[in-house]
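Here the sequence shown stands for residues 65 to 600, where the numbers follow the working numbering. Working notes, beginning with the structure itself.
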Amino acid sequence: MGGHHPTGRGARPHPGLRSGTAGGPADRPGERIDGALVRLGVVIVAGAFTSALDATVVFVALGSIGRDLAGPPAALPWAATGHLLALATVVPLTGWSVARFGARAMWLASLSLFIGGAALCGLAWSLESLIVFRVLQGLGAGMIPPLAQVILVRAAGPRRIGRVMSMVSVPTQLAPIAGPTLGGLLVEGLGWRAAFAAYVPLGAVALLLAWRGLPRDPRGPAPRLDLAGILLLSPGAAALLYGLSLSGGTGGRPAGTPVWAFTAVGVALVAGFVLHARRPGRAPAVDLRLFRHRPFTVASVLIFLSGASLFGLMFLLPAYYQQARGLDPLQAGLMLAPQGAGMVAALAIVGVLVDRFGPRAIVLAGIAITIAGTLPFTQAGIADDRPWSAAALVLRGLGLGAAAMPLTAAAYRELPKEEVPQAAGALVILQRLGASSGTRCSPWCCSAGSGGTTARRRRSRPPPSATRSGGRWRSAWSRCCPPWRCRGGRRGPGAPRRPRRRLRCLARAGSGPVAGRVARSAGKVSGAFCSVAWAA
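Shown next, in the form of structure tokens:
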């Protein structure tokens, strides 16, 4: 990609996300994956799949929970928000806990806490007790993704990491596809408590496999816990995520001082941690010297941007399908299944390609495919045309799957094994911050594109009848794409409307439909994504 350099820059020993390194996988791609590594992958998949289901199943059950437990409506979102904050709080402890107790012991402890929290959620007697048990469940689930990466990277080594990550990622990516369907079936057939009870047998199987299949890892001298760093970074990451989770809560507009207060506190605490970690003689919770490795730094930035690009459009389309098209949550979730299918298809083959050619070429190709799959949503009606929407989402999933996994492999490829636990925690934090940023910035993009000035908003306010059953969305859709722009001329008196033609009109920048505006924003993120990868 970068041209042929016989000398100089092309001969650098650490070329970022280049297509191969001396003695690396590009030169010796045939190192096989033995049976022991496959069995280890099965153990990790069992635990990671169970944890990943939790991210989607519970959202389907929230409505039933609110009706059954009859708590205050304002407290219901805390069943999800408390879980999210608990996830963010424990991730910075990954490096220290692995060095102190070992990856095997922490994996067993995290799974046990997750299963116990799920069982208690199924027995909750009030909304307040459910929130407490969801926090407990989140404390167990938060460390599972970085621990999975630590165990796999240590076992696979740099020459097999691409294939191993691909092997493990394929079944794990099925969880977001199966989650809404499984949750809907359980809630409708057996009630919301069954959605939590289902984790108990699944988790018990994963726990038994881990007890028998995870090797005991050797441990060196126990490091000292960076208590000051933990007290800065864990609340800082949680406050940032909470501020981002609130920022889209008022119809896409900034939600006022409390939101920015949480965000400002989070930024201040994280900045304080950076200053603390840079002091000489410290062993911080997350060692910032990791970012001296150019491949790790580039991959970290791209992982943040990929999270924003993935979840931005994923947040908006279900809302559009439910509010404007009248689909129920299960149908809206199934409309997004093609993207998950595309990601699974890409992950099935990309591991071998990464180990053979290196991550850089694969990442660039994945970004190009992602942009190609995002561009159709700038057409005014692509979200309503189900065959075209499904095809675009499959293409987008192929690109995201081809880009995401090689970034993880590239981040770990040149790191010493002793730095892997801290690197895993840092990458998970960045990915979650990117996902939250993309999710919460997409409503802002919609508001910025549709409103113009306040006076324009008031003059163009739709009639009351248009605000019922998603009419506000459809009214805005119609105003941004008048018939004469879609058909090449004015509609004659009494001529019937032709909505199909209208939906094919290219949305104008800043005044297009909701899906188009967010897709353009996702395209900008993808453009930044591509620029960083190309420069690397």
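A virtual CB, placed ideally from N, CA and C, is assigned to each residue, including glycine.
Residues of its chain near residue i, where Cβ-Cβ distance is below 8 angstroms and the 5 sequence neighbours each way are ignored
i    : result
P70  : Because the pLDDT of P70 is 41, which lies under 50, any placement of that residue in the model is unreliable, and the number read from its coordinates should be weighed accordingly. Cβ neighbours of P70 beyond the five flanking positions: none.
S336 : Note on identity: in this sequence residue 336 is Gly, with Ser being the wrong assignment. If we look at G336 and ignore the five residues flanking it on each side, its Cβ neighbours are L296 and G300.
L238 : F113, G404 and V408
L157 : M207, I294, S298, A349 and G489
I426 : V414, L417, V418, A466, A467 and P470
L464 : S370, S373, L374, Q403, G406, M407, A410, G430 and T434
R103 : G277
L211 : T158, V162, A167, M170, W171, S174 and A488
Q395 : Y385
G105 : L216, V228, M231 and V232
V338 : L352
L101 : A219, A220, R224 and V228
Proximity below 7 angstroms, CB of residue i to CB of residue j
i    : j    : result
G498 : G371 : yes
G277 : A259 : no
M170 : S161 : yes
A261 : G181 : no
I195 : G146 : yes
F604 : L494 : Here the chain has residues from 65 to 600 only, and residue 604 is not among them.
A110 : L273 : yes
L148 : L304 : no
H340 : A292 : yes
L191 : L133 : yes
M229 : T472 : yes
Whole-Å CB distance - residue i paired with residue j, under 8 angstroms assumed
i    : j    : result
I215 : A173 : 14 angstroms between Cβ atoms; not a contact.
A163 : P344 : With 8 angstroms as the limit, A163 and P344 do not qualify as a contact, their Cβ atoms being about 21 angstroms apart.
P251 : S128 : Note on residue identity: the sequence assigns Val, not Pro, to residue 251. Between S128 and V251 the Cβ distance is about 5 angstroms, and since that is below 8 angstroms, they are a contact.
S115 : A205 : 5 angstroms
L203 : V154 : 6 angstroms
R420 : A152 : Not a contact, Cβ separation roughly 36 angstroms.
Closest Cα partner of residue i within the set the options
i    : options                   : result
A474 : A467, P402, A363 and Y385 : A363
I225 : A116, P423, D290 and A349 : P423
V350 : R198, T145 and V492       : V492
V264 : R496, Y476 and D118       : D118
D281 : S193, A110 and A219       : A219
V121 : T245, V228 and S501       : T245
V329 : A302, R342 and A292       : A302
I97  : W256, G221 and P440       : G221
M399 : D290, L289, W452 and L366 : W452
A290 : V338, A347, G253 and L366 : Reading off the sequence shown, one finds Asp at residue 290, where the question assumed Ala. If we check each option's Cα against that of D290, A347 comes out closest.
F612 : A401, A150 and L333       : A query on residue 612 cannot be resolved here, the shown segment of the chain reaching from 65 to 600 and no further.
V107 : P279, A412 and A152       : P279
M179 : L101, V269, F165 and G99  : One point to set straight first is that residue 179 is Ile, not Met, in the sequence displayed. Cα-wise, what sits closest to I179 is V269.
Other residues of its chain near residue i: CB distance less than 6 angstroms, five sequence neighbours each side excluded
i    : result
L271 : L175
A183 : V264
L462 : G406, A410 and I433
A454 : P402
L352 : A341
Q213 : A488
F326 : A303, Y306 and G307
R92  : Residue confidence is low: R92 scores 49 on pLDDT, short of 50, so the model does not pin down where it sits. Its coordinate-derived value is still stated next. If we look at R92 and ignore the five residues flanking it on each side, it has no Cβ neighbours.
L333 : L296, P299 and G300
Residues of its chain near residue i, where Cβ-Cβ distance is below 7 angstroms and the 5 sequence neighbours each way are ignored
i    : result
Y476 : V217, I225, V484 and A487
T361 : F355
A125 : G247, V251, W256 and A259
L254 : none
Distance cut-off 6 angstroms: residue i Cβ against heavy atoms of the ligand PLP
i    : result
G498 : The ligand PLP is not part of this structure, which contains no ligands at all.
Validate contact between the stretch 479-489 and the stretch 447-465 using beta carbons, cut 8 angstroms, 3 pairs: With the rule of 3 Cβ pairs closer than 8 angstroms, the stretch 479-489 does not count as touching the stretch 447-465.
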